[in-house]
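6 is the number of the first residue of the sequence shown in the numbering used here; add one for each residue after it.
Where a beta carbon is used, it is the ideal one built from N, C-alpha and C, also for glycine.
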Amino acid sequence: MKLATSSPERQREDVLTAAASVGGHIIGWADDWEVSGATDSMTRPKLGPWLRDERGPYDGLVAAAMDRLGRNVVDCLNTGYKMRDEGKLLVIYGHDGPWDLDDQVDENRFTGFLRGCPGLQAGEESDSCGAGQG
């Protein structure tokens, strides 16, 4: 889903909308706007501590778009599978409900969406994710 704008304000609205669509709410934000796209998700100053379980318990991760989840396809897959392996939700604006990476069809759709993200292929930075609880 291509949005008319990827401004921080629009991405924040999209994250809130996606969280609400699954009955969740945001308990913390990981806005790494000033971080190089070469920095993987686990070492980003704001997202990394959530992924390393240093921010306390949370039920899942919400992103404004697929290309906001990580710096490249591998980074997005690692984050997605981390959420799956820990039993946490992965919600991305524009997808109906949480991604179920244990379901082969949904997993194939997820990887297909990643391959189709021009921002990931061009190496653009990923900036806005929210950690939330349902």
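ask   = Can you name, in chain order, every residue of its own chain whose Cβ lies under 7 Å from the Cβ of residue 112, other than the five neighbours on each side?
value = Taking the first residue of the sequence shown as position 1, residue 112 is located at position 107. These residues qualify, in order along the chain: 106.
Bridge partner(s) assigned by DSSP for residue 24 = Your numbering for residue 24 matches position 19 in the sequence shown. None; residue 24 has no bridge partner.
task = Find the nearest neighbour of residue 88 within the set 46, 110, 120 and 117, judged by alpha-carbon distance.
result = On the sequence shown, residue 88 is found 83 positions in, with the first residue counted as 1. Closest option to residue 88, Cα to Cα, is 46.
task = Identify the continuous beta strand (DSSP E) that holds residue 36 and give its terminal residues.
result = Locating residue 36 in the sequence shown gives position 31, counting from the first residue. Counting along the chain, the unbroken beta strand (DSSP E) around residue 36 starts and ends at 30-36.
query = residue 55 to residue 49, Cα distance in whole Å?
reply = Residue numbering aside, residue 55 sits at position 50 when the sequence shown is read from its first letter. Residue numbering aside, residue 49 sits at position 44 when the sequence shown is read from its first letter. Going by the C-alpha atoms only, they are around 10 Å apart.
query = Are residue 62 and residue 38 closer than 8 Å when you measure CB to CB?
reply = Along the sequence shown, read from residue 1 onward, the residue named residue 62 stands at position 57. Along the sequence shown, read from residue 1 onward, the residue named residue 38 stands at position 33. It is not a contact, given that the beta carbons lie outside the stated cut-off.
request  = Would you mind giving the Cβ-Cβ distance between residue 86 and residue 22, rounded to the nearest angstrom? I have them listed as a contact below 8 Å.
outcome  = Position 81 of the sequence shown holds residue 86. Position 17 of the sequence shown holds residue 22. Incorrect: roughly 25 Å between the Cβ atoms, too far for contact.
key: Assigned secondary structure, residue 96 (DSSP; H/G/I helix, E/B strand, else coil)   = Reading the sequence shown from its first residue, position 91 is the one you call residue 96. DSSP places residue 96 in strand when its eight states are reduced to three.
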